[in-house]
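When the letters of the sequence shown are read in order and numbered with the working numbering, they come out as residues 18 to 127.
Accompanying notes for the structure given below.
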Amino acid sequence: MAQKIVTVYTDDLTGAESEEVQTRTFSLDGVNYEIDLVSDNYDKLFEALAPFIANGRKLGRSVGRRRSRKESTDGPSAAEIRAWARENGHQVNDRGRVPASTREAYQKAH
Numbered sequence: 018m019a020q021k022i023v024t025v026y027t028d029d030l031t032g033a034e035s036e037e038v039q040t041r042t043f044s045l046d047g048v049n050y051e052i053d054l055v056s057d058n059y060d061k062l063f064e065a066l067a068p069f070i071a072n073g074r075k076l077g078r079s080v081g082r083r084r085s086r087k088e089s090t091d092g093p094s095a096a097e098i099r100a101w102a103r104e105n106g107h108q109v110n111d112r113g114r115v116p117a118s119t120r121e122a123y124q125k126a127h
């Protein structure tokens with residue numbers, strides 16, 4: 018007997034199916050949350066939280082934080098660089114790889 022297992026990735030915000038869905042984690046008031054989002058919806062979440070993140074105190078990263086397969090474990094996420102780039106007059110796409118020149122500009126500014 019043959020068996021076929023199909024994994025369906027679904028965006029928790031929209032319910033849309035996509036192979037680009039990634040699991041993201043965040044915390045608020047000591048409660049950890051996990052949500053599965055496509056990159057556009059993660060960008061929306063990050064942009065909504067950006068003013069609070071910018072004015073908050075960083076405590077460090079949690080040991081169990083998950084990152085995209087495509088993201089390095091060192092340095093800022095693509096969403097963080099995109100948010101900085103937009104605030105500083107750089108044009109970046111909502112999706113895909115962040116250009117090396119934009120990453121370099123971010124690193125020089127930080």
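Idealized CB from N, CA, C, for every residue including glycine.
If you're wondering where the values come from, they're calculated on a predicted model, not measured in any experiment.
Apart from sequence neighbours up to five positions away, the residues of its chain that approach Ala33 with a beta-carbon distance below 8 Å are Thr27 and Val55, ordered along the chain.
Each of Pro93, Asn72, Phe43 and Thr31 was checked against the Cα of Glu121, and the nearest Cα belongs to Pro93. In this structure, the straight-line span from the alpha carbon of Ala102 to that of Val109 is close to 7 Å. Judged by DSSP in its simplified three-state form, Gln124 adopts helix.
Bridge partners of Ile52 according to DSSP: Arg41.
Here Glu64 has Ala100 as same chain residues with Cβ atoms under 7 Å from its own Cβ, once five neighbours each way along the sequence are excluded.
Shortest Cα-Cα distance from Gln39 to any of Asp53, Ser118 and Asp29 involves Asp53. Within the DSSP bridge table, the entry for Thr27 names Glu34 as partners.
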